[in-house]
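Below is one structure, written out as structure tokens; the observations come after it.
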Amino acid sequence: MKKKSGAPSAKKPMPSVLASPIPLGSPNLSSNTPKPKPFGFNLNGFDNASSSKRRRSASEASVLIQKSTSASAIRSPHQKPITTIADLKAVSSSSFNSLKRHLDRSNSEILKEFEASHSRLTKRFKIHTQECERVIGELENEQKKASDWMCESMDTMKASFAEVMADSQASASRICKTSIPELRQSMEKAIQGLRNKFGVPSASA
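The opening residue of the sequence shown carries number 569 in our numbering; numbering runs sequentially from there.
Rendered as structure tokens:
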């Protein structure tokens with residue numbers, strides 16, 4: 569975009585009528601009321617604002633053009649202008665091939681990541697399986713030890729019970745054979761003594 573050459577033309581001075589307000593008669597106001605001060609119009613400010621806006625819009629347009637040209641140059645540095653259908657087909661084929669290569673590369677990366685994840689999961693599952701098998705083996709050993717201890721305890725209890733029963737039976741038979749007859753004889757002697765003392769005849773008499 570070409571910039572305008574030369575300074576802007578100077579504005580003609582405004583008539584003196586606008587420089588100061590027109591005096592108006594005020595019959596109702598007193599003579600002591602101060603007169604309003606004249607207001608001066610600065611028209612150069614409008615010119616400066618419009619010129620700054622034009623310069624800013626021109627600079628923004630040039631920046632946008634530079635960005636678009638640099639982006640197009642980066643995107644396709646060797647791309648020829650499309651003038652015929654053959655050029656359009658070539659560009660379409662090139663874009664399709666580029667997209668296909670991108671998809672193939674993405675697919676291969678996804679497959680590699682999937683295989684790596686599968687390998688990690690397989691290793692982790694194998695480690696957990698081995699740990700579970702080890703824990704199960706330890707539990708089986710502990711269960712076997714507890715079962716053996718319970719069997720030994722049961723055998724010991726059975727043997728002790730058999731000994732106690734044998735001792736009890738021996739003591740009971742000994743008491744039945746010796747102690748009961750002796751106790752019977754002593755009781756009969758005591759009863760006979762009481763009969764003799766009180767003069768009670770025996771039942772056999």
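Every residue, glycine too, gets a C-beta built ideally from N, C-alpha and C.
It should be emphasised that the depicted structure is a prediction, and the values quoted were computed from it without experimental measurement.
On the three-state DSSP scale, how would you describe residue i?
i	result
Pro769	coil
Pro749	helix
Thr697	helix
Ile650	coil
For residue i and residue j, which I take to be in contact (beta-carbon distance under 8 angstroms), what is that distance rounded to the nearest angstrom?
i	j	result
Ile776	Val659	Here the chain covers residues 569 to 773 and nothing more, so residue 776 does not appear.
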